[in-house]
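Some notes on the structure that comes next.
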Amino acid sequence: MLYLSNAVNKHPHFVRNYAFRRKSGMPEIRRIMPGGNEESATTKLQQVAAADQPEYLSLLDSHLDGLSVAQARKRLTLTGPNEVHHEKAPSWYKQLFTAFVNPFIAILLAIALISFITDVWMAAPGEGEYKTVIMVGIMVMVSSLLRFFQEYRSNRAAEQLKSMVKTTATVLRKSKEKIETDIKQLVPGDIIFLSAGDMIPADCRLVQSKDLFVSQAMLTGESLPVEKHSLPLANAYHKTVLELDNICFMGTNVVSGAATAIIVNTGNQTYFGSLSKSITGKRAETSFDKGVNKVSYLLIRFMLVMVPLIFLINGLVKGSWWDALLFAIAVAVGLTPEMLPMIVTANLAKGAVNMSKRKVIIKRLNAIQNIGAMDVLCTDKTGTLTMDKIVLERHLNIFGEEDEEVLKWAYLNSFHQTGLKNLLDVAVLEHVELHDYLKVEEHYLKADEIPFDFQRRRMSVILKQRNGKQLLICKGAVEEMLLLCTHAFDPGEDKELHIETDKVIAIDESVRENILRISGKLNEEGLRVLLVAIREFDDRALTYTVEDEKDMVLTGFIGFLDPAKPSARLAIDALQKLGVRVKVLTGDNEIVTRKICREVGISFNEILLGNDIEQMSDEALGEKIDEVAILAKLSPVQKSRVVKLLQSRGHTVGFMGDGINDAAALRDADVGISVDTAVDIAKESADIILLEKDLMVLRKGVIYGRRTFGNIIKYIKMTASSNFGNMFSMIGASALLPFLPMLPVQILVQNLLYDISQVSIPWDEMDQDFIDQPKKWDASDISRFMLFIGPVSSIFDYATFALMFYVFKAASPEHQGLFQTGWFVEGLLSQTLIVHMIRTRKIPFIQSWATAPVVALTSVIMLIGIAIPFTPFAATLKMEPLPLSYFPWLAAILFGYCMLTQVIKNWYIRRFNQWL
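So the sequence shown is numbered by my numbering: it starts at 1 and just counts up by one.
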């Protein structure tokens, strides 16, 4: 606000005018934006909207030549970077606090509190037992600190990855002219240039504009773009900020047209910044989040039912309600999957970092699961299937002969346009030899422009010639241009642009058919064809509109070639092998698209065009959409409609695009994929940014997405089935034995060791058959898996009970130490082995091995479990050394457990055609 107050001090007449508005009955300036400093930011926008050019330049202490580098640097230190508080990692201490905030930790802390009350506070003097409290405390610290370190690393990595994707703006600096700069460096008073495809980098007042249409959908929800102009608004104080037609807002995007603007507010002072808290609050839960939560609460519900049941059975059978309570508390700890948040976070973070090494930047961690679940990829043709290096191959007159004059018209059009310069313009402008020859700047002064938009599919420049006349040069799509041309040039032999010397002929039906025939032939050769036409006007007011693009004289064709990428066929084959169907959604015509798709191996029987889609209902289109692989001549709205229809039919849809016409579809897709070179609004709309515009890079992303999802599912299914089996074992043991089957502290130590054994799961691989097909979250399968696989472990727990009871005669309370030690070792080893049994649908250790970190950690935990009874620590846990004769029995039980699990696994896969 410093510049505003300085300017007001310099210009007291502005204050008087403003005071007059207040006295003359104009309404009080209302609070429009929520948050801090809203009123001052709103007032500032209304003031500059009402002001004319000298006034707002004074208010903002700026000049039409822009700010100097020194001024911009000084203002940047006062206002701070031009960024809003969005998706920034919280401070480390907040992350540390939130690592302890989840239902499982809450349960453990409640258990620790109960243990402290029962074991310490209510105990007789000198008899306080801290073991349970200490063990639960260790488990809480291990789980939460591991989660904290993973999330902290993940957030740091995410910030570093995001910094690799930069959004820039064209700004005018004194003495440096136009420069591209990071939008974070922009300050109030900067003069910026806007054209189609640009994201508005800050709240700004238009200085001048030409056919400027801006999409404000992200702020207002209104899908139609809004026309903006640079005229002052006399009634600015009666309008809400979003109704100010000469103000453009940060985060919105230019759909068509061009403009020069001056920045008014940056960062959190912008309208978008004031909304950032609500926009960037907690993101909506996806099916993946809901699935994880569903399993979490399912396990908690089981625990809340089973733990009281175990407490009652033990109290009634053994008569010691105190011991029964302590045992029930320990069982509750054992059934709490406290490592779940850490495992999920670690998997997603590791997936994001691994993908970044393969040139895939994850903007939203949750997109990793979505890219793995993707079964339909909709992609644009240009640059993805083609080289994205367009070459101007042909410039032909209306008879299909090479003609230099057509190239000259095209060069004048491309050189003088200020809007969105696409790859076709770049290809034309590579003919630099024409620049001096035509004297494009000396002989042709740019007077006006009618920018490109996706409805008209053409653009025009108006040039003032030396003879005083004004020349409109228009280039655009063949069908649209033919409708607007009434005449054509009969090629002359002159090499200068003297249109008055060339013969002009009327376009009759035979000429029209010939033009369409030549265009079709060029298309069949894979060329993208545009027509170039002109119209001459006498000197007139520069109020050109699309209405002037008629009665034009056609000059000829320009044909561009964008050859298919050599890697595209391999990439599409690879994606199809991964169960991802590729559909091409393009604004280009069907003939060029058909040729490119044949070259890259996309098979198709039918092509749907934009006009066909427009006539079809959602039901009719929905029935055809699965079978159609190519949709051509689509508008942005139609691309978005296709994506939504595919989603409604149960597909997880990825959309890959880099143009302004792709932004809506990128937002609507389950996973929006763009590239580092895309227009600003496409990058902002995407979930994933590829540093290379190559489908082979995307294939790697799909594989990592499925691997990450698979490792999360592994842990969830292991935990769910293991806990379910343990419940059966605990209930049976409580009812059948005259003593506790395991002491509370032993359960806690066993659970801690099992938790540690699973920390390495994020480093595991997935079998190829899992990677080969898209994977979606299926909560019903997890419940089913738990019911069928969980009880298998209980069978061998009961076998261990029988072994210890009858073979080793540990059948009385005096020998309970031996019994408990035997079950401790068997329980820990079987739980750890289940990691290897469940991680693959194949036979573990024979057909499929886990990665080295998983094998190493599980082996170490199993060795620790076997060793504990023979260490001094055993006495603390009230364990006894096991006789050597126990271990052959143990080996037989574990072997039987693995064999039965494999049999049940094979039956389960045959019955339900699913494992992980």
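Every residue, glycine too, gets a C-beta built ideally from N, C-alpha and C.
Hey, out of the options, whose CA is closest to residue i's CA?
i	options	result
V142	V697, L752, I371	L752
F770	K359, A373, N354, T181	A373
K905	Q820, L787, A799, T832	L787
A664	M306, V84, R649, A682	A682
Q914	A875, G559, F785, H836	F785
M742	N467, N314, E524	N314
G267	D323, V214, I183	I183
W849	E619, G579, G319, E765	E765
T270	A620, L894, P188	P188
Y444	Y411, K228, K475	Y411
F100	I868, L340, V628, I518	L340
S510	F399, E480, K475	F399
L803	W889, V504, R535	W889
Taking all protein chains shown into account, do 16 or more other C-beta atoms lie within 10 angstroms of the C-beta of residue i, making it buried, or fewer, making it exposed?
i	result
H416	buried
I473	buried
L212	buried
W907	exposed
P636	buried
R458	buried
M899	exposed
L57	buried
G865	buried
H395	buried
S780	exposed
V461	buried
Y897	buried
G468	exposed
A606	With the sequence shown as reference, residue 606 is identified as Glu, and Ala is not the correct amino acid for it. Under this definition E606 is an exposed residue.
Helix, strand or coil: how does DSSP classify residue i here?
i	result
G654	strand
V701	Contrary to the premise, residue 701 reads as Gly rather than Val in this sequence. Here G701 sits in helix by DSSP.
E590	helix
I843	coil
K521	helix
D687	coil
S783	helix
F739	coil
G732	helix
N726	helix
M122	coil
S256	strand
D448	strand
S209	strand
Q465	coil
G672	strand
D490	strand
K10	With a pLDDT of only 34 at K10, under the threshold of 50, the placement of this residue in the model should not be trusted; the figure read from the coordinates follows. Helix at K10.
T42	helix
D573	helix
V432	coil
G267	helix
A346	helix
A564	strand
For residue i, list the residues DSSP reports as bridge partners.
i	result
D453	R458
V226	V214
K878	According to DSSP, which records beta bridges pairwise, K878 is partnered with nothing at all.
E180	T170
S848	P844
N293	The partner list for N293 (beta bridge, DSSP) is empty, contrary to what the question assumes.
A477	L530
I191	L172, I262
V504	F489
Q919	It is not possible to answer for residue 919, since the shown part of the chain is limited to 1 through 916.
C248	C204
Checklist entry - Unbroken beta strand (DSSP E) runs of length 3 or more, entirely within the segment 354-430: which are they? => result 360-362, 376-379, 391-396
Checklist entry - If you scan the segment 794-824 from start to end, which runs of the beta strand (DSSP E) of 3 or more residues do you find wholly inside it? => result none
Checklist entry - Whole beta strand (DSSP E) runs in the segment 581-644 with 3 or more residues, listed along the chain? => result 581-585, 607-609, 630-632
Item to check | Contained alpha helix (DSSP H) runs [length at least 4] in the segment 52-118, N- to C-terminal order | outcome: 53-59, 69-79, 92-99, 103-115
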